[in-house]
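Enquirer: Here it is, the structure in full.
In this note's numbering, the protein residues as written are 104 to 398.
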């Protein structure tokens, strides 16, 4: 048995029909690539990586240097993580100028004694590992640090305005995938460029193990939405632990999203258990997903 589930982010705000169609089409292309790899190689790890790499190359998703949101000073800072049912994991946080953060995350998992690499360290590791760099001139941002180099009293007022402005952000096109291969190996992965106009250095949930990405012997899960809320709830860990304790996977996903709804933030989650059952739930207006089970 082989199973693949993918998502293209949970959006709370209005999204034009044309953009919805573009995301569904892009998700379908990535899904088909991942499914082909899952069939041919019988590797959940390869399937998840390639689904997410495909989406990182698509400008309609908030992942990779092509589609990620700019932060407040016009830079693109990306997070990604991958984890398997042996509880091996790797992730990168605030990595810049690298085409495929999910592949760097996998390399961290396979080669480093650490779980997470951040910022310049992640970039150095990617560079010496031979990953392709994308120069700032090929990206879509402008660096302007004037807004965050104010005098202290001005800065306090600025932070208040910034916090209010963030509440207007309602589009979350983070990408993720979970797969099960015939060997019983489960892999979950997530990749994001974060929220638009975020303060430089802001870290969301995607690369935080147990928040945006999680996998154990019992199941795997990937989340999307407001990262701060997802971290506080521990969304993906909570889903998998509920499954471990006997809750059906769809019920586990729904219950955890209900918790997020009660706390007042948008969240979407996909998950698989070791029997190949899939769970999908979200509280937004739109979250493109695809799933398949091959017996």
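Heads up, the beta-carbon is just placed ideally off N, CA and C, and yes, glycines get one too.
1. Scan the region 114-195 and note each continuous beta strand (DSSP E) run of 3 residues or more that stays entirely inside, going in chain order.
2. Any contact of the region 276-284 with the region 312-331, i.e. 3+ C-beta pairs under 8 Å?
3. Starting from the Cα of residue 365, find the closest Cα among 118, 137, 385 and 206 and give me that residue.
4. Smallest Cα separation from residue 118: which of 164, 156 and 154?
5. Closest to residue 137 by C-alpha separation, out of 284, 236, 191 and 302, would be which residue?
6. Does DSSP put residue 357 in a helix, in a strand, or in coil?
7. Spatial neighbours of residue 112 within its chain, please: CB distance less than 6 Å, with the 5 preceding and 5 following residues excluded, ordered by chain position.
8. Express the C-alpha separation of residue 178 and residue 106 in angstroms, rounding to a whole number.
9. Which value, in whole angstroms, describes the spacing of the CA atoms of residue 369 and residue 393?
10. In the DSSP assignment, find the unbroken alpha helix (DSSP H) run with residue 332 in it and report its ends.
11. Out of 321, 183, 189 and 214, which one is the CA nearest neighbour of residue 355?
12. Which word fits residue 204, buried or exposed, when buried means at least 16 other C-beta atoms lie within 10 angstroms of its C-beta?
13. Tell me which residues share the same chain as residue 308 and place their Cβ nearer than 6 Å to its Cβ, disregarding the 5 neighbours each side in the sequence.
Expert: The relevant details are as follows:
1. Look at the region 114-195 and you find these whole runs of beta strand (DSSP E), each 3 residues long or longer: 181-187.
2. Yes: at least three Cβ pairs fall under 8 Å.
3. Residue 365 has its Cα closest to that of 385, out of 118, 137, 385 and 206.
4. Ranking 164, 156 and 154 by CA distance to the CA of residue 118 puts 164 first.
5. Among 284, 236, 191 and 302, the Cα nearest to that of residue 137 belongs to 284.
6. Helix, per DSSP.
7. 275, 276, 277 and 327, listed in sequence order.
8. Those two C-alpha atoms are separated by around 36 Å.
9. So the two alpha carbons sit approximately 20 Å from each other.
10. Run containing residue 332: 330-336, per the alpha helix (DSSP H) assignment.
11. Minimum Cα-Cα distance from residue 355 among the listed residues 321, 183, 189 and 214 corresponds to 321.
12. The residue is buried, with at least 16 neighbouring Cβ atoms inside 10 Å.
13. Same-chain partners within the cutoff: 314, 315, 330, 333 and 334.
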